[in-house]
Amino acid sequence: MNAPEPPEALPSRHSRHAGGGFLMAATAMCTVQLGSALTVPLFGQLGALGTAGLRLGWAGLILLVAIRPRPSDFSSRDLLACMVLGLVTAGMMVFFMQAIARLPLGTASALEFLGPLTVSLFGPRKGRLIWAAAAATGVVLLTEPWHGGADLLGVGSALLAAGCWAAYILLTQRVGDRVTGLKGLAVSMPVAAVAGLAIAAPDLADRLTWAPLWTMLALAVLSPVIPFALEFLALRHLTTSAFGTLMSLEPAIALMVGLLVLGQRPGTAATLGLVLVVVASVGATRAGVRPPASSKEAPASRYEPGREPVRRDQVSSNVAS
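Per the working numbering, residue 1301 is the first one in the sequence shown, and the count goes up by one each step.
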């Protein structure tokens, strides 16, 4: 029998667990934004709706085959919640694709992040007005209405994606509280796939060929399949507040990916606006960690004394972008 680890070894083990969690969460955010950036060049061939539909279609098929949910795993109400979650997921993807077809990736991502930020602002009152004001100022700087050159359809699409993301968070919390593992995702994503493909069908009818079909399969694996898996693993090592704070940095990652992959150079005002949205997101997330859903939650690892238990459904996360 192995001897128990000495007490001084526990902090080191905790640091390694946390470090691995940070790395997985950061990689998940990078793959989400890289997948979005690599999708943009396909808009000319498939259209924004067509790329969104194919991406959802492949992701839904992959998760359905990999997880294989059974009807007996769900009550009728839980199954309905999963289906509604799928429709919201489709809306989030479709509107975000429409947004990045008209706006820089960093700007669209920052505007979309107003969804989880709004959910966070409805938590504890501490600092709520400060974070709301910072976010509002950031939006004004991102859109620069005094120039009159903002693409209103792009901004509107990003804000609709933000609304879908807010609904996605609330529905994911409900589904995650009642459905174990990733079975809820394995139902919601195929529903999103059917909805997305139905919306995209007119765009794809005369445009689809084998080459972009297989390209979108690779992009669906890059995002959302890989990020979902990485986020799930990261949440075994990080607290909800730490993970939420990390996810708040996603608009900044989107800006860097847009610059490096798409050559999109933001102006000074847009950069400052994005920074304000990130700061507001970090502040609101740190102030609004969700309490455990029930007393039956699994305890923290013996290697991480004092750490709050964490579950994927407790965190505002970006799955389908």
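C-beta atoms are modelled at their ideal positions from N, C-alpha and C, and glycine is treated no differently.
Contact belief for residue i with residue j at Cβ below 8 Å, rounded distance in angstroms
i     : j     : result
T1437 : L1576 : 5 Å
A1328 : P1527 : 4 Å
M1489 : T1389 : 7 Å
S1581 : F1413 : 6 Å
V1455 : L1482 : So it is not a contact: roughly 33 Å between Cβ atoms.
Buried or exposed (CB count within 10 angstroms, at least 16 for buried), residue i
i     : result
A1505 : exposed
S1595 : Reliability fails at S1595, whose pLDDT of 41 lies under 50, so the model's placement of it is uncertain and the value that follows must be treated cautiously. Burial call: exposed.
F1422 : exposed
W1510 : exposed
A1366 : exposed
S1336 : buried
L1429 : exposed
T1568 : exposed
L1452 : exposed
L1470 : exposed
L1514 : The identity of residue 1514 in the sequence shown is Trp, whereas the question assumes Leu. Label assigned to W1514: exposed.
S1457 : buried
P1502 : exposed
R1402 : buried
R1355 : buried
S1616 : Bear in mind that a pLDDT of 42 at S1616, under 50, signals an unreliable position, so the number given afterwards is only what the model happens to contain. Buried is the call here.
P1371 : exposed
G1563 : exposed
Own chain residues within Cβ distance below 8 Å of residue i, not counting five before or after
i     : result
D1378 : V1475, R1478, V1479 and G1484
C1330 : I1553 and V1557
C1382 : F1374, V1475, V1479, G1484, V1487, S1488 and V1491
A1570 : P1404, G1406, T1407, L1441, L1442 and E1444
I1499 : L1349, A1352, G1353, A1390 and V1394
L1361 : P1490 and A1493
Chain-order list of residues whose beta-carbon lies under 6 Å from that of residue i (same chain, five-residue window excluded)
i     : result
M1324 : L1530, L1533 and A1534
A1593 : Reliability fails at A1593, whose pLDDT of 46 lies under 50, so the model's placement of it is uncertain and no value is given.
L1346 : R1507 and P1512
A1432 : L1421
L1387 : A1495
V1561 : A1337
L1517 : W1358
Neighbourhood of residue i by C-beta distance below 7 Å, restricted to the same chain and skipping five residues each side
i     : result
A1466 : G1415, P1416, T1418 and V1419
G1319 : none
A1520 : R1355, W1358, A1359 and I1362
Cβ of residue i within 8 Å of any chain B Cβ
i     : result
G1563 : Protein chain content of the structure displayed is limited to a single chain, and chain B is not contained in it.
(Q) Report the start-end ranges of each alpha helix (DSSP H) in the stretch 1495 to 1546 that is 4 residues or longer and not cut off at the edges. (A) As far as the stretch 1495 to 1546 is concerned, its whole alpha helix (DSSP H) runs of at least 4 residues are 1510 to 1520 and 1526 to 1534.
Checklist entry - Which residue spans inside the stretch 1353 to 1401 form an unbroken alpha helix (DSSP H) run of at least 4? => result List check, alpha helix (DSSP H) in window: 1376 to 1400.
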